[in-house]
């Protein structure tokens, strides 16, 4: 029930509403729950209400971390991990 | 910026995290660890992507009471159906439709002629009520903080517009009081919580501090993309290995330490905490949200003079034990035979975010529970 999707604000209407867009699909939503929404903000939309603004820098930073993980994995292991067998003598406590 | 969703679904990063999980599992040695997620969207994502298969054998991830529909007492459905019989037009989220009341569900009542309309957003009711000013509309207000905030905004907007033909029947709930109850339950023995994503967007990561500092539980707020969940689980195990439980926010692209203050103010204006029944958990003090005294005339239970009373639960349904993480869905004798999403006996099988529905849709249990069902 709390699933929500990030969409970009493309219009703000005077009555506390607005229009958001994701990949060409537009939808009217309510912006009452945000302090100061702005056009261009990426917002998390749940049940027709924007519930929070997405911090694009934090999103990019975490994606970069995951990209780095992926690269490290490829460089160091070069192959698929056997997810059943437990590695021995690795990992530190 | 790459497409957000793709950035959190990089397969090689998942493999790296899975390897890290295996290392952490090995480092835990003989120690067995039990983690709980309390977010219906986590439940679904974990089942859909098969993330439990990536956990080390000594780590168990159980699904707690993270689905607001699933914890709703059947007596609430009974009350809603009574209001429909008294002429109310019910407006609801779709996942409430098939939740069994003591005798019938909203869907069955609708087939018998009750007026039940499904909204995507509760804000739609503003238009419906304005279009039919002589009809009494009742909004079925079910949800945790993520939904309580929109419902609060709706109640305040109903008042602002002076709409006299809309009221709310509340079974709105808050997550921290349920965690308070779970954390002291010796039968559960939870080592750490994978904290919900969008509930946390409203209440803030700091809300979990007592569970770390007073109760010694590891707490990590995580988003619900597969990498978010794996990464959050890695963080939980790392905390437990270090023996330093604290609150970590790994969903900082959305969740602020203090949460969404505007949403919190809306909730505080529209609602007051009340004791509330949770299916499987019993009555939890101050875990429900009722309309504030200034908005009491919007309370459907008062307007229709029909308070919500306890309903009858099918005694064979073990939804309550599933919600507490005491048994897995497959541990219930009804699971799969005869209880399925098509013919649900309990709310955990009804809601798409219910543990039983998720296990049924995506789990291996399906293969053995019955035959011939295709998707």
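Residue numbers (this note's numbering), protein chains in the order written: chain A, 3 to 95; chain B, 33 to 407.
C-beta: ideal position from N, C-alpha, C; glycine also.
Taken atom to atom, the span from the alpha-carbon of residue 295 of chain B to that of residue 53 of chain A is near 7 Å. For residue 43 of chain A, not one C-beta of chain B is nearer than 7 Å to its own C-beta.
Contacts with chain B at 7 Å (Cβ-Cβ) do not include residue 26 of chain A.
Not a single CB atom of chain B sits nearer than 7 Å to the CB of residue 29 of chain A. The segment 45-62 of chain A makes no contact with the segment 263-279 of chain B, as fewer than three CB pairs between them are under 8 Å. Residue 371 of chain B: not part of any alpha helix (DSSP H); DSSP gives it neither H nor E. The beta-carbon of residue 284 of chain B is placed less than 7 Å from the nearest beta-carbon of chain A. By the beta-carbon neighbour count (other beta carbons within 10 angstroms, threshold 16), residue 341 of chain B is exposed. For residue 342 of chain B, the secondary structure class from DSSP, reduced to helix, strand or coil, is coil. Short of 8 Å from the beta carbon of residue 395 of chain B, and not among the five residues preceding or following it, lie these beta carbons of its own chain, in chain order: 79, 361, 362.
Of all residues in the segment 222-241 of chain B, the ones placed with a Cβ closer than 9 Å to any Cβ belonging to chain A are 228, 229, 230, 231, 233, 234, in chain order. For residue 294 of chain B, at least one C-beta of chain A is nearer than 7 Å to its own C-beta.
Of all alpha-carbon atoms in B:304, B:366, B:120, B:339, the one lying nearest the alpha-carbon of residue 149 of chain B is that of B:120.
Taking C-beta atoms as the reference points, residue 318 of chain B and residue 309 of chain B fail to come closer than 7 Å. Sequence-distant partners of residue 58 of chain A (beyond 5 residues in either direction) whose C-beta falls short of 8 Å from its own C-beta, in its chain, are 44.
The beta carbon of residue 9 of chain A does not come within 7 Å of any beta carbon belonging to chain B, so the residue lies off that interface. Residue nearest to residue 52 of chain B within the set B:122, B:227, B:70, B:86 is B:86 (criterion: CA-CA distance).
Inclusion of residue 287 of chain B and residue 237 of chain B in the CB contact set at 7 Å is warranted, their separation being smaller than that value. Distance between residue 320 of chain B and residue 74 of chain A, taken at the CA atoms: about 47 Å. For residue 320 of chain B, there is no enclosing alpha helix (DSSP H); the enclosing beta strand (DSSP E) covers residues 314-323.
Under the Cβ criterion (8 Å, minimum of three pairs), the segment 168-176 of chain B counts as touching the segment 192-205 of chain B.
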